[in-house]
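Residue numbers (the working numbering), protein chains in the order written: chain A, 1 to 76; chain B, 1 to 377. Backbone N, C-alpha and C define an ideal beta-carbon position, used for all residues, glycine too.
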Amino acid sequence: MAERTIIDARGSFCPGPLMELIARLKFGAVGDEFEVLSTDKGSASDIPEWIHKVGHELLDTREEAGVWHIALRKTK
Amino acid sequence: MKILIVGGGMGGTILGNNLARRLAPELRAGKVQLTMLSASDKHMYQPGLLYLALGRMTPDELYRDQASLLEPGIDFQVDPVETFELDQNRVKTKSGKTHAYDILVIATGSRPVPEMTPGLAENAETFYTEATAVKMFKRLHAFQGGRVVVAVGVPHKCPMAPLEIIFMLHDYFKDRGIRDKVQLHYTYPIGRVHSLEPVAKWAAPEMDRLGITYETLFNVKQVDGANKVVKSEEGTEAKYDLLITIPAHKGMEVIEKNKLGAGGFIPTDKTKLLMEGRKNVYIIGDTTNIPISKAGSTVHYQAETLGENIAAIVKLGSPVREHDGKVFCFIEVGKDRATYAQFNYTTPPDPKPPTKAVHWFKMAYNKLYWTTARGLL
Chain A
1 MAERTIIDAR GSFCPGPLME LIARLKFGAV GDEFEVLSTD KGSASDIPEW IHKVGHELLD
61 TREEAGVWHI ALRKTK
Chain B
1 MKILIVGGGM GGTILGNNLA RRLAPELRAG KVQLTMLSAS DKHMYQPGLL YLALGRMTPD
61 ELYRDQASLL EPGIDFQVDP VETFELDQNR VKTKSGKTHA YDILVIATGS RPVPEMTPGL
121 AENAETFYTE ATAVKMFKRL HAFQGGRVVV AVGVPHKCPM APLEIIFMLH DYFKDRGIRD
181 KVQLHYTYPI GRVHSLEPVA KWAAPEMDRL GITYETLFNV KQVDGANKVV KSEEGTEAKY
241 DLLITIPAHK GMEVIEKNKL GAGGFIPTDK TKLLMEGRKN VYIIGDTTNI PISKAGSTVH
301 YQAETLGENI AAIVKLGSPV REHDGKVFCF IEVGKDRATY AQFNYTTPPD PKPPTKAVHW
361 FKMAYNKLYW TTARGLL
């Protein structure tokens, strides 16, 4: 299993979880896995929507104790 | 104790002055040494670049001699670090000197990298350096009409810049009497017009009112300069006559070369401001990988927290408080109105309607900044 980079965006209002994910993906390699932690419930829909639109691979979305975990693999 | 600050930008300067005051007796007694290493003998007021691009400031207004901003107790040297040897608690500089430290603070900042996006540097105007801001001013000055597109890369310094430039361009062309010949089109990387939801909720209808069109979920993939088209990662395109970009940023090259963090951004604990895995290396400002705004106010408040904590380490043996993530950003909404957003790690912003009073306060702050850098405001 590839090593997974955790992006702890809990409590991030600006740039916020999705923008932080987009930024971190730029500095990763194809095949790298990332997991975003967000306390913004909008992330549960916004981030998977963007992942599908751009074509990365969504691995998992789950909520634990008020924190959304969205995992993906960079595909390009 | 040897305290070494690497970087003479806003963060390093505020921190250095803060420490020099707090530790004045220890510095006089020779118990503490405070050294700052910088790549430049000049200090730039970076927010002024926006005004320079629009002909409302001139280059000379952006600079002061760095030494003139610093307290006497600081040993300031223009000699950039080339090698960080963190396991040995020392750095090596361009001139070949070695500096040992007990506490290291890295505040080297970030840099625009439009060249990361194919076609962007060659075909877009931007205002993140003096040279590009002057070039953009000349291009705007000669522009007589057409479609202006604002394209935003991530991560970027100054999260309010995309909104500020689009609203200021509206007034700029209106004042020149050619607003009816200019179409303004704004794009943004996520699903609303700004990362801060309350700001986005206010800004979108304001754009509607001013006749500014916008497209969200637009991440710049490449620019086709021959056909004047900017293409997004999401598969859409925007045609332009004049392309203006808020370019993506990276941390400084020295951070990447020393493998301290991906993209030149160093993994940092957001409340302790300590580099991950280190007990005596602190990171502030754009150099961190903390998901917080890359903005002057961010590092201003971090520097104040860290100044208090490092002084406490010297005097009491341990830091005394955690950082709360405070950010305060002015938002220029054209040539004569402004508002602001203030928030921290736990409290979201609640921006108020723009007023002339806030705009004039921002104009005053453009001058007052030099007192902030000196640690007085």
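Beta-carbon contacts of residue i that lie in its chain and below 6 Å, excluding the five residues immediately before and after
i: B:D171; result: G334 and K335
i: B:K270; result: I290
i: A:G42; result: none
i: B:T305; result: H323
i: A:D32; result: K74
Contact check, residue i vs residue j, beta carbons under 8 Å
i: B:I283; j: B:I266; result: yes
i: B:M10; j: B:G296; result: yes
i: B:D79; j: B:S68; result: no
i: B:T287; j: B:G325; result: no
i: A:P15; j: B:S293; result: yes
i: A:F13; j: B:F343; result: yes
i: B:V91; j: B:L4; result: yes
i: A:S71; j: A:D60; result: In the sequence as displayed, the identity of residue 71 of chain A is Ala instead of Ser. For A:A71 and A:D60, yes; Cβs fall inside 8 Å.
i: B:K174; j: B:Q144; result: no
i: B:V152; j: B:I246; result: yes
i: B:V154; j: A:I22; result: yes
i: B:L260; j: B:F84; result: yes
Neighbourhood of residue i by C-beta distance below 8 Å, restricted to the same chain and skipping five residues each side
i: B:I331; result: M160, L163, E164, V199, A338, T339, Y340, A341, P351 and P354
i: B:T371; result: L377
i: B:W190; result: The sequence given here has Ile at residue 190 of chain B, not Trp. Excluding residues within five positions, the ones whose Cβ falls inside 8 Å are T216 and L217.
Coil, strand or helix - residue i by DSSP
i: B:T126; result: coil
i: B:Y240; result: coil
i: B:Q222; result: strand
i: B:I292; result: coil
i: B:K157; result: strand
i: B:Q302; result: helix
i: B:P112; result: strand
i: A:S43; result: helix
i: B:V193; result: coil
i: B:Y282; result: strand
i: B:A203; result: helix
i: B:E308; result: helix
i: B:R139; result: helix
i: B:I165; result: helix
i: B:L377; result: coil
i: B:I178; result: coil
i: B:S95; result: coil
Cut-off 7 Å between Cβ atoms - residues of its own chain near residue i, not counting five sequence neighbours on either side
i: B:L169; result: V148 and L184
i: B:A20; result: L27, L34, E71, G73 and I74
i: B:R22; result: G307 and A311
i: B:G48; result: M57, E61, L62 and N366
i: A:G11; result: T39
i: B:K356; result: D336 and R337
i: B:K239; result: R147, K228 and V229
i: A:P17; result: A9, V36, S38, D40, S43 and I47
i: B:Q222; result: T117, P118, G119 and K231
Per-residue burial, residue i [other beta carbons within 10 Å of its own, 16 or more giving buried]
i: B:V205; result: Rather than Val, the amino acid found at residue 205 of chain B in this sequence is Pro. Exposed, by the Cβ-count rule.
i: B:A131; result: exposed
i: B:L377; result: exposed
i: B:N227; result: exposed
i: A:K74; result: buried
i: B:T98; result: exposed
i: B:D65; result: exposed
i: B:H141; result: exposed
i: B:A107; result: buried
i: A:A65; result: exposed
i: B:P319; result: buried
i: B:P112; result: buried
i: B:E253; result: exposed
Cβ-heavy atom distance, residue i to the ligand HEM, below 7 Å
i: A:R24; result: Of ligands this structure carries none, so the ligand HEM is not represented either.
**Prompt:** What are the start and end residues of each continuous alpha helix (DSSP H) run of 4 or more residues lying completely inside the region 9-36 of chain B, in chain order?
**Reply:** If only uninterrupted alpha helix (DSSP H) runs of at least 4 residues are considered, those enclosed by the region 9-36 of chain B are 10-22 and 24-28.
**Request:** Return the chain-ordered ranges of every beta strand (DSSP E) run that is complete within the region 55-88 of chain B and spans a minimum of 3 residues.
**Result:** List check, beta strand (DSSP E) in window: 63-65, 75-78 and 81-85.
**3-residue-minimum beta strand (DSSP E) runs that sit fully inside the region 312-371 of chain B, ordered along the chain** = For secondary structure counted as the beta strand (DSSP E) over 3 or more consecutive residues, the region 312-371 of chain B holds these complete runs in sequence order: 327-332 and 338-343.
**Prompt:** Which parts of the region 11-63 of chain A are runs of the beta strand (DSSP E), unbroken and 3 residues or longer, counting only runs that do not cross its ends?
**Reply:** With a minimum length of 3 residues, the continuous beta strand (DSSP E) runs that stay inside the region 11-63 of chain A are 33-38.
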